[in-house]
Amino acid sequence: MSGPGRKRPPLVAERRVASERKKKPARRKAPAKTGRSAKARRAPWPVRLVRWMLRLVLRIFWAIGWRLAVIGALVLGGATFYYYTQLPSSFELVDGRARGSVTMLDRTGEPFAWRGDMFGGVITADTVSPHLKNAVVATEDKRFYRHLGVSPRGIAGAIRINLAEGRGPLEGHGGSTITQQVAKLICLGVPYDPDQWKNEAEYERDCRRTTLWRKIKEVPFALAMEAKYAKDEILTIYLNRAYLGAGARGFEAASQRYFGRSAAEVDPAEAAMLAGLLVAPSYYAPTNDLERARERAAVVLQLMREQGYLTGDELAYARGHPATLSEAAEARAGGYFADWIMEEGPDFLTRDTTEDVLIRTTFDPEIQSAAEEALKTVFEEKVREGSEAQAAIVVMSADGAVRAMVGGRNTRVAGQFNRATQAMRQTGSAFKPFVYGAALDLGFRFDSRVVDEPITIDVPGSGPWSPSNYTRQHYGEMSLTQALANSINTVAVKVSEAVGRENVRTVASDFGIETDLAQGPALALGTSETTLLQMTGAYAGILNGGSSVKPYGLVELTLQGDSQPLMTVDGGIGERVISEQAARQLVYMMSRVVAEGSGGRAALPDRPVAGKTGTTQAARDAWFIGFTADYVAGVWMGYDDNTPLTGVTGGGLPAEIWHDAMLRIHEGLPPRPLPMIDPVEAAAPLAGLRRDERRDRGQPQVERTILEEVLGAIFGRR
Numbered sequence: 003m004s005g006p007g008r009k010r011p012p013l014v015a016e017r018r019v020a021s022e023r024k025k026k027p028a029r030r031k032a033p034a035k036t037g038r039s040a041k042a043r044r045a046p047w048p049v050r051l052v053r054w055m056l057r058l059v060l061r062i063f064w065a066i067g068w069r070l071a072v073i074g075a076l077v078l079g080g081a082t083f084y085y086y087t088q089l090p091s092s093f094e095l096v097d098g099r100a101r102g103s104v105t106m107l108d109r110t111g112e113p114f115a116w117r118g119d120m121f122g123g124v125i126t127a128d129t130v131s132p133h134l135k136n137a138v139v140a141t142e143d144k145r146f147y148r149h150l151g152v153s154p155r156g157i158a159g160a161i162r163i164n165l166a167e168g169r170g171p172l173e174g175h176g177g178s179t180i181t182q183q184v185a186k187l188i189c190l191g192v193p194y195d196p197d198q199w200k201n202e203a204e205y206e207r208d209c210r211r212t213t214l215w216r217k218i219k220e221v222p223f224a225l226a227m228e229a230k231y232a233k234d235e236i237l238t239i240y241l242n243r244a245y246l247g248a249g250a251r252g253f254e255a256a257s258q259r260y261f262g263r264s265a266a267e268v269d270p271a272e273a274a275m276l277a278g279l280l281v282a283p284s285y286y287a288p289t290n291d292l293e294r295a296r297e298r299a300a301v302v303l304q305l306m307r308e309q310g311y312l313t314g315d316e317l318a319y320a321r322g323h324p325a326t327l328s329e330a331a332e333a334r335a336g337g338y339f340a341d342w343i344m345e346e347g348p349d350f351l352t353r354d355t356t357e358d359v360l361i362r363t364t365f366d367p368e369i370q371s372a373a374e375e376a377l378k379t380v381f382e383e384k385v386r387e388g389s390e391a392q393a394a395i396v397v398m399s400a401d402g403a404v405r406a407m408v409g410g411r412n413t414r415v416a417g418q419f420n421r422a423t424q425a426m427r428q429t430g431s432a433f434k435p436f437v438y439g440a441a442l443d444l445g446f447r448f449d450s451r452v453v454d455e456p457i458t459i460d461v462p463g464s465g466p467w468s469p470s471n472y473t474r475q476h477y478g479e480m481s482l483t484q485a486l487a488n489s490i491n492t493v494a495v496k497v498s499e500a501v502g503r504e505n506v507r508t509v510a511s512d513f514g515i516e517t518d519l520a521q522g523p524a525l526a527l528g529t530s531e532t533t534l535l536q537m538t539g540a541y542a543g544i545l546n547g548g549s550s551v552k553p554y555g556l557v558e559l560t561l562q563g564d565s566q567p568l569m570t571v572d573g574g575i576g577e578r579v580i581s582e583q584a585a586r587q588l589v590y591m592m593s594r595v596v597a598e599g600s601g602g603r604a605a606l607p608d609r610p611v612a613g614k615t616g617t618t619q620a621a622r623d624a625w626f627i628g629f630t631a632d633y634v635a636g637v638w639m640g641y642d643d644n645t646p647l648t649g650v651t652g653g654g655l656p657a658e659i660w661h662d663a664m665l666r667i668h669e670g671l672p673p674r675p676l677p678m679i680d681p682v683e684a685a686a687p688l689a690g691l692r693r694d695e696r697r698d699r700g701q702p703q704v705e706r707t708i709l710e711e712v713l714g715a716i717f718g719r720r
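Heads up: the sequence shown begins at 3 in the working numbering, then just goes up one per residue.
Quick look at the structure:
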């Protein structure tokens, strides 16, 4: 029952609506407004401005960058294609020298000196020793067979190292690949033009100059090479064109130069030494400093081990058995001799040759070694330490064949001042044999008598001139032999005046003294200047019987690869200067200089020696020139600036150097007699013989009394 006081139960529909209302989640109340707008919740406008500008810049860079990249790629591709079309075959690039080389062989046919740009012949990546190939790749470009010609990683690393070491980014390490180095070696395809460049050295310096523009140009050129040539072709060009010190171009030439064998035969130690030269050829050249070259080779060997080219045992063996030089390379003998050959030979086949030339010479390395050792020994033992005095030596055979030449105390040189051929020095008493030779040829005898006494000669334009002896004393009457043996100045002047200065000059000139000779009476005392080579050659003329001699060193000149020589030299003997009988008497007189006169220190224990000392005014020059039956040798000593020597005469240190050298040179040679008169037989009386009979028997054409008469007429003695 219902009533106002009672609650009505809900209807079904009402219960359903209520149930649905319970299921709906409660609506969140909106946060209370604080008065700030929606714009206030965004980033501040400066930040939005920066963001907008960055997006704008990125869009601009992207828009420009991809266009520039496309343009750059097109330019790079075009440049690469251009260089590709210009590149010749790889074989044409193997030998790019503008001049040739000269290889000099000694008298036995062994090489001893090289000049010019030596090229040993083509060696390829296939024929070269695998050790050398590996050493080059390990040292210069370990990713050579993997890159396309340019290594960005290598360039970046090089720049980092240069900056860390305080250099500019392109100074020092270049980060170049072998391909890029080849591009530089061939000067980016620009050939040498003698009309454009002063010389080849200037051209090469410009090619090696590192600039940003040149590095940029290297990129397409290297890419073109990679497209044109196989990797081994590029490596072949590199192996043949790289400069490796001592005038060697390419590894074949360098291997022959330093080790005396082909680059196809080198072992790991030798390969490492050759590859080590690439960074600084002259500095690491083993002929300059072998220990330094070995230290560099040890670094290369370690690189080869790290890159898997050597086992641990191979590395240990190579380190324990470092590379050694060939005998010729180690000796470095004959530098002065080789320079002389280059000067004496025809320019177009020596200094300016564009061919590879072989020159067979008269050079004897054993004689050269003997001369060098003698010079070194005397200076070490008998010259004060720190002395700047110099010396020179020439050794030759009687026909003028030069066997050895020392142009100064520093014997391992090339291209230096040669005191044996270039120094013009006064000869002093070493000139006197020409005076006596002229007299003997005109009929005076070795035993003709003359008086050593004070004399005075009136020289037109100069006034009275009175020569004096070295001892400042006079010894009275003596023979010409005694006068020469004791180097008596007054007698030499008397004889010169008696036979005539012009005759003396003629004899000296015909014997090979090519310089201007003095005009006054001091001619007899050696006031004229000449070279040691000319003086030694003139004495060789006395030894060979009185014929002139032209010193020579070139025997045969041949182009490499040819079987027939272009030129040959048979010998240096020329026309007769004095009679053979006069020469035999002169040799005897000169033998007394050594046996009992001023040249006693030059005497050899087992064979006869003839020679003459010479000391110039104030001892600025000291000479000893002499000979045995086998060899003629000349020694000069002095200062380059003409400073007087202290306590040195020709009979002193020069004679001792001569003695030590000739003692070594004649070791093992049987002694032979000198071609001279027997003084006892020659002094036999000529009475009862007519003048023509004496002449037919080879006897002097005047008797000894004629000299006394001539001298008496000249100097007022009766």
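The beta-carbon is built from N, C-alpha and C at its ideal position, and this holds for glycine as well.
Look at the alpha carbon of residue i and the alpha carbon of residue j, and state the distance between them as a whole number of angstroms.
i: Thr724; j: Val452; result: Residue 724 cannot be examined here, being either before or after the span of the chain that is shown, 3 to 720.
i: Glu683; j: Gln583; result: 13 Å
i: Ala183; j: Glu357; result: Note on residue identity: the sequence assigns Gln, not Ala, to residue 183. Looking at the two C-alpha atoms, the distance is approximately 26 Å.
i: Ala226; j: Arg251; result: 25 Å
i: Phe261; j: Ala277; result: 14 Å
i: Ser593; j: Pro610; result: 7 Å
i: Asp208; j: Val302; result: 29 Å
i: Arg294; j: Ser178; result: 25 Å
i: Thr36; j: Arg44; result: Bear in mind that the predicted position of Thr36 carries a pLDDT of just 49, short of 50, making it unreliable; the figure below should be weighed with that in mind. Using only the alpha carbons, I get a separation of about 16 Å.
i: Asp197; j: Pro435; result: 52 Å
i: Glu346; j: Lys200; result: 24 Å
i: Thr492; j: Thr529; result: 15 Å
i: Leu671; j: Asn488; result: 30 Å
i: Pro656; j: Asp608; result: 20 Å
i: Pro2; j: Tyr472; result: Here the chain covers residues 3 to 720 and nothing more, so residue 2 does not appear.
i: Pro90; j: Leu60; result: 45 Å
i: Val589; j: Gly628; result: 10 Å
Note down, in chain order, each residue of its chain lying with its Cβ closer than 6 Å to the Cβ of residue i, except the 5 sequence neighbours on either side.
i: Leu723; result: Residue 723 is absent from the structure shown; the chain starts at 3 and stops at 720.
i: Ala526; result: Val437, Ala494, Val495 and Ser498
i: Arg117; result: Val104 and Met344
Whose C-beta lies closer than 8 Å to the C-beta of residue i among residues of the same chain, with five residues either side of it excluded?
i: Ile180; result: Val138, Val139, Glu142, Asp143, Phe146, Ile236, Leu237 and Tyr240
i: Gly573; result: Asp401, Gly402, Ala403 and Tyr554
i: Ser464; result: Gly522
i: Leu78; result: Val221, Pro222 and Leu225
i: Ile188; result: Leu95, Gly98, Ile239 and Arg243
What residues in its chain sit with their C-beta under 7 Å from that of residue i, if we drop five residues either side in the sequence?
i: Lys219; result: Leu190
i: Ala265; result: Ile125, Val130, Ser131, Leu134, Phe253, Glu254 and Ser257
Restricting to Cα atoms, I'd like to know which of the options is closest to residue i.
i: Gly576; options: Ser565, Asn546 and Leu134; result: Asn546
i: Ala224; options: Thr532, Leu280, Pro456 and Thr82; result: Thr82
i: Glu390; options: Ala325, Pro324, Asp642 and Ala494; result: Asp642
i: Asp632; options: Ala597, Tyr590 and Pro675; result: Pro675
i: Ala185; options: Val571, Val221, Asn488 and Asn505; result: Val221
i: Thr364; options: Pro466, Gly628 and Asp108; result: Asp108
i: Met275; options: Glu308, Arg298 and Val281; result: Arg298
i: Gln424; options: Met55, Trp342, Val359 and Leu327; result: Trp342
i: Asn242; options: Ile490, Glu94, Ile667 and Asn488; result: Glu94
i: Leu561; options: Pro90, Phe350 and Ser549; result: Phe350
i: Ser92; options: Val571, Asp234 and Thr651; result: Asp234
i: Ala330; options: Gln88, Gln566 and Pro113; result: Pro113
i: Asp512; options: Ser549, Glu479, Ser328 and Val461; result: Ser549
i: Phe381; options: Thr483, Arg411 and Phe339; result: Arg411
Are there any heavy atoms of the ligand COA lying less than 6 Å away from the beta-carbon of residue i, as far as the coordinates show?
i: Val281; result: No copy of the ligand COA occurs in the structure displayed, which carries no ligand at all.
Exercise. If we count Cβ pairs, one from each stretch, closer than 8 Å, do we get three or more for the segment 610–622 versus the segment 421–435?
Worked result: Judged by pairs of C-beta atoms under 8 Å, the segment 610–622 touches the segment 421–435, as three or more such pairs exist.
Exercise. Taking one C-beta from the segment 492–500 and one from the segment 601–613 each time, how about it: are there three or more such pairs within less than 8 Å?
Worked result: With fewer than three CB-CB distances shorter than 8 Å, the segment 492–500 does not count as touching the segment 601–613.
Problem set entry | contact_flag[the segment 363–382, the segment 396–415] where n(CB pairs < 8 Å) is 3 or more | yes
Exercise. Quick one: complete beta strand (DSSP E) runs, 3+ long, within the segment 358–415?
Worked result: 359–363, 392–398 and 404–408
For this session: Would you mind listing the alpha helix (DSSP H) stretches within the segment 234–320 that are 4+ residues and don't spill past its ends, in chain order?
Result: 253–261, 270–278, 283–286 and 292–308
For this session: Ignoring anything shorter than 3 residues or poking outside the segment 618–672, list the beta strand (DSSP E) runs there in chain order.
Result: At a cut-off of 3 residues, the continuous stretches assigned as beta strand (DSSP E) that sit fully inside the segment 618–672 are 623–629 and 634–640.
Exercise. Taking one C-beta from the segment 371–391 and one from the segment 651–666 each time, how about it: are there three or more such pairs within less than 8 Å?
Worked result: yes
For this session: Tell me the start and end of each unbroken beta strand (DSSP E) in the segment 422–474 that is at least 3 residues and wholly inside, in chain order.
Result: 451–454, 459–461 and 465–467
For this session: Would you mind listing the beta strand (DSSP E) stretches within the segment 76–161 that are 3+ residues and don't spill past its ends, in chain order?
Result: For the segment 76–161, whole beta strand (DSSP E) runs of length 3 or above, ordered along the chain, are 103–107 and 113–118.
Exercise. Which ranges does the beta strand (DSSP E) cover as unbroken runs of at least 3 residues, wholly within the segment 490–573, from first to last along the chain?
Worked result: 549–551 and 556–561
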